[in-house]
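Trainee: Taking numbering that gives the first Met the number 0, the leading residue of the sequence shown gets 0, the next gets one more, and so forth.
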Amino acid sequence: MAFGGTTYAVVVAIADYKNFRPREGDLTYTVSDATRFYNYLRSNAGGNIPTNQMRYITNDKASKAEIISAVQYIFKFAKSGDKVIFYFSGHGDKGAFLPYDTRPDGHQMLQHSEIKELFKACRAGTKICIADACYSGSITRKDIQHRVADKASNQADSNVVLLMSSRPDETSLESAELKQGLFSYYLIRGLQGHADTDRNRKITIKELFGYVHKNVSAVADKRFRSSQHPMAHGRFSKEMIITAY
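#1: Let me check understanding here. Comparing Cα to Cα, which of Met-53, Ala-95 and Gly-80 lies closest to Ala-132?
#2: CB-CB under 8 Å to Asp-149, same chain, minus the five flanking residues each way: which ones, in chain order?
#3: What is the rounded straight-line gap between the Cα of Ala-69 and the Cα of His-228?
#4: Where do the ends of the beta strand (DSSP E) carrying His-106 lie?
#5: CA-CA distance, Lys-141 and His-232?
#6: Of the choices Ser-174, Ala-120 and Ala-12, whose alpha-carbon is the least far from that of Arg-222?
#7: Below 8 Å on the Cβ atoms is my contact criterion, and I expect Val-211 with Tyr-185 to pass it. Report the Cβ-Cβ distance as a whole number of Å.
#8: Which residue's Cα is closest to the Cα of Asn-47: Ser-183, Thr-6 and Lys-78?
#9: For Phe-19, which residues from the same chain have a beta carbon less than 6 Å from its beta carbon, with the 5 sequence-adjacent residues on both sides left out?
#10: Return the chain-ordered list of same chain residues with a C-beta closer than 7 Å to the C-beta of Ser-152, the five sequence neighbours on each side being excluded.
#11: Give the range of the alpha helix (DSSP H) segment to which Leu-40 is assigned.
#12: Which word fits Ser-31, buried or exposed, when buried means at least 16 other C-beta atoms lie within 10 angstroms of its C-beta?
#13: Would you check if the stretch 104–121 and the stretch 60–77 touch, i.e. whether three or more CB-CB distances between them fall below 8 Å?
#14: At which residue ranges does the stretch 76–134 contain complete alpha helix (DSSP H) runs of 4 or more residues, listed in the order of the chain?
#15: Taking C-alpha atoms, which residue in Pro-98, Val-10, Asp-195 and Glu-176 lies nearest to Ala-219?
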């Protein structure tokens, strides 16, 4: 996701949960999703981000404490002209992401409010949170599916982009055919150039979200007879360039 400044990223995925029985708690393609996103960031199209500017943590390494520690460590290097990315693929609950050590009673959940505080503490000029998790849209206050803010109300909240895989009341689907979650599959394809509607080799938030939303919602309905509607939220210009390739 290269376009100006330095990019720092924390990529998290959990497929096998410590305190959940396999049939009720484990996921199939979350690590695959995260690996492909991480490899995209390391590729030419993704900006050739050096590994020392990223953290990639999965399964038993992705406890709540480890996730917070990784975000704090990596994000502290970012300056005002830089970009930070937090990507999470795993279970979600209303108001939270579920790290590896989450207990059935909800203890050790990573609350959305905690993610927001980590973002606020970061000096980066652009902050991006991407979540492929059930109920991920509950990180937003309202269901504002397509609405974005063209002007920031204050500097601390400007250029904060939240890309969520589903609405607050929806699950996020995995595809055996694609061997990925629907959201992550179309997200990565979009970033690789498929979302570039005007073919100028730059992809805006508007282009990326439009591509992801259109394809995910259509495939969910057609192939799964289900509903999944990705969400975009934050204070940013819809013409903000998220990557160039």
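The C-beta atom is built at its ideal place from N, Cα and C for all residues, glycine as well. Quick caveat, the model's predicted, so the values are computed rather than measured.
Mentor: By the coordinates alone:
#1: Ala-95
#2: In this predicted model, Asp-149 has a pLDDT of only 40, less than 50, meaning its place in the structure is not dependable; the value taken from the coordinates is given anyway. Hits under 8 Å: Ser-236 and Lys-237.
#3: 29 Å
#4: Per DSSP, His-106 belongs to no beta strand (DSSP E) and is neither H nor E.
#5: The pLDDT assigned to Lys-141 is 41, lower than 50, so where the model puts this residue is not dependable; a value taken from the coordinates is nonetheless given after this. Rounded to whole angstroms, Lys-141 to His-232 spans 9 Å at the Cα level.
#6: Ser-174
#7: 5 Å
#8: Thr-6
#9: none
#10: Its pLDDT being 39, under 50, Ser-152 is placed unreliably by the model, and the measurement read from it follows with that caveat. Cβ neighbours of Ser-152 beyond the five flanking positions: Arg-234.
#11: 29–41
#12: buried
#13: yes
#14: 111–119
#15: Glu-176
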